[in-house]
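Colleague: Numbering (this note's numbering), first residue to last: 27 to 313.
Glycine included, each C-beta is placed from N, C-alpha and C at the ideal position.
This is the structure I have questions about; it appears just below.
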């Protein structure tokens with residue numbers, strides 16, 4: 027059975043059009059509804075976790091996340107030809123433009139709002155791959171190893187030292203307490219919060235999409251990610267972005283210590299090394 031036919035049967039809809047956009051399908055129904063079908067190459071328990079996170083956000087009052095669509099038997103994912111899929115409402119609009127200061131600010135406001143709702147104390151068992159509170163130092167150790175394996179130069183040595191500093195700061199009492207607090211409230215993160223995963227709808231509201239990288243870890247990893255991806259190593263810009271976020275979700279002392287530690291990570295260089303290796307492995311990606 028084709029994917030479209032399977033969705034029609036499982037969701038009691040009639041599809042009039044199917045479009046491939048990036049890694050998802052946009053489906054139009056004869057009733058004029060737009061829905062999104064996404065394939066996941068991860069185990070079903072992890073898809074269930076992602077579903078739980080998105081439903082929790084909607085139920086707790088966060089109005090800007092994707093709305094998961096249940097199928098006829100009340101579940102939220104299905105299998106077609108061996109692949110697992112989830113259906114959400116399609117978010118109309120365009121990708122955020124971070125060249126515009128107003129949209130950068132809107133992204134920070136939306137992240138702060140998301141983080142206010144990103145506590146899930148009633149969440150049950152979580153797949154081990156998504157439980158990451160204790161993984162911060164090991165992740166940085168992995169980054170450190172990648173840097174050492176890549177090249178020996180003054181720049182690499184400096185970045186290895188930054189990894190060491192991040193690990194050292196994470197071992198201090200304030201950071202340990204901050205991580206323990208995040209774990210106690212069952213905090214979670216989007217996991218890839220940046221302009222490719224932010225849609226501005228026709229009314230001007232910003233919506234984070236694609237929660238595939240959501241996990242249970244300190245919320246400051248989201249804030250550190252957007253800072254390092256957009257204003258890497260620009261201290262004054264960091265301060266402006268952090269202060270703006272703080273207006274909408276005041277940062278605790280623990281948050282600040284944790285963010286200070288995370289911003290030592292030389293993520294832009296690590297990402298560049300990853301992309302370079304990926305292009306060498308698959309030359310088509312560099313074209």
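Below 7 angstroms CB to CB, which residues in the same chain sit around residue 36 once its five sequence neighbours on both sides are set aside?
Modeller: Around residue 36: 97, 98, 104.
Colleague: Whole angstroms is fine: what's the gap from residue 197's alpha carbon to residue 39's?
Modeller: Looking at the two C-alpha atoms, the distance is approximately 53 angstroms.
Colleague: Can you say whether residue 246 is buried or exposed, counting buried as having 16 or more other CB atoms within 10 angstroms of its CB?
Modeller: Flag for residue 246 reads buried.
Colleague: Where does residue 70 land, buried or exposed, given buried means 16+ other C-beta within 10 angstroms?
Modeller: With fewer than 16 Cβ atoms within 10 Å of its Cβ, residue 70 is classed as exposed.
Colleague: Determine the direct distance from the alpha carbon of residue 191 to that of residue 235, and round the result to whole angstroms.
Modeller: Cα to Cα, residue 235 sits roughly 33 angstroms from residue 191.
Colleague: Given a threshold of 16 other Cβ atoms within 10 Å of its Cβ, counted over all protein chains shown, does residue 80 qualify as buried or as exposed?
Modeller: Classification for residue 80: buried.
Colleague: Is the beta carbon of residue 92 less than 8 angstroms from the beta carbon of residue 115?
Modeller: A contact, by the Cβ cut-off of 8 angstroms.
Colleague: Taking the Cβ atom as the reference point for each residue, do residue 118 and residue 227 lie within a distance shorter than 8 angstroms?
Modeller: In this structure, residue 227 lies closer than 8 angstroms to residue 118 by Cβ.
Colleague: Can you name, in chain order, every residue of its own chain whose Cβ lies under 8 angstroms from the Cβ of residue 55, other than the five neighbours on each side?
Modeller: Excluding positions up to five away in sequence, the list reads 39, 40, 41, 42, 61.
Colleague: Quick check: residue 213 and residue 281, are their CB atoms within less than 8 angstroms of each other?
Modeller: No.
Colleague: For residue 208, I'd like the list of residues in its chain whose CB is within less than 6 angstroms of its CB, leaving aside the five on either flank, ordered along the chain.
Modeller: Around residue 208: 244.
Colleague: Short check: CB of residue 122 to CB of residue 221, under 8 angstroms?
Modeller: Going by C-beta atoms, residue 122 is nearer than 8 angstroms to residue 221.
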